[in-house]
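What follows is a set of notes on a single structure, which appears directly below.
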Amino acid sequence: MIFSSAFASLSAHDLYRILKLRCDVFVVEQHCPYPELDGRDTEPETVHLWMDAPDGTVAAYLRVLSEPSGDARIGRVVTAAASRGQGLAGVLLGAALEHIGPDRPAVLDAQTVATGLYSRHGFTATGPAYDEDGIEHVPMRRG
1 MIFSSAFASL SAHDLYRILK LRCDVFVVEQ HCPYPELDGR DTEPETVHLW
51 MDAPDGTVAA YLRVLSEPSG DARIGRVVTA AASRGQGLAG VLLGAALEHI
101 GPDRPAVLDA QTVATGLYSR HGFTATGPAY DEDGIEHVPM RRG
């Protein structure tokens, strides 16, 4: 089951579980000490999408932001280590694109190891690879 919520509607419990997964993977596992809490989670148009694991933790998560250009920005795409290999990120990405709609452009910054996932959903690279916190990323766009 996919859960979807604006920040104002997130329970404290769900917010904690989401932030724990993001910190566990992006900060601890990937060794990237950066300000994971960037202020964009609380923006009124931000939509949080996630799936729960059987043990009550968050199995996978992403967020959809609104950019000043009008584009949707998909970010913080993450799957818990115990839930990888099940296609959960692809399921959430499909739900995010359904939320965004077919006519609204969407952008993201993909870790290069995940560009195949995004390509399968219609994204193409729009620039050269770059290093962010020691991890190679590629800017991508759909629409």
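Everything in the sequence shown is counted per this note's numbering, starting at 1 for the first residue and increasing by one.
Where a beta carbon is used, it is the ideal one built from N, C-alpha and C, also for glycine.
In this text the structure is predicted, and so the values were computed from the model without any measurement.
The continuous stretches of beta strand (DSSP E) do not include residue 29, and DSSP gives it neither H nor E.
Nearest Cα to residue 49 within the set 115, 67, 35 and 15: 15. Shown here, residue 136 sits in a strand according to DSSP, grouped into three states. About 6 Å separates the Cβ atoms of residue 78 and residue 21, confirming a contact at the 8 Å cut-off. Note on geometry: alpha-carbon atoms of residue 137 and residue 10 lie some 29 Å from one another. CA-CA distance, residue 135 to residue 71, rounds to 24 Å. Three or more beta-carbon pairs separated by less than 8 Å link the region 34-48 to the region 57-75, which places the two stretches in contact.
The continuous alpha helix (DSSP H) containing residue 21 extends over residues 12-22. Under DSSP, residue 3 forms a beta bridge with 50.
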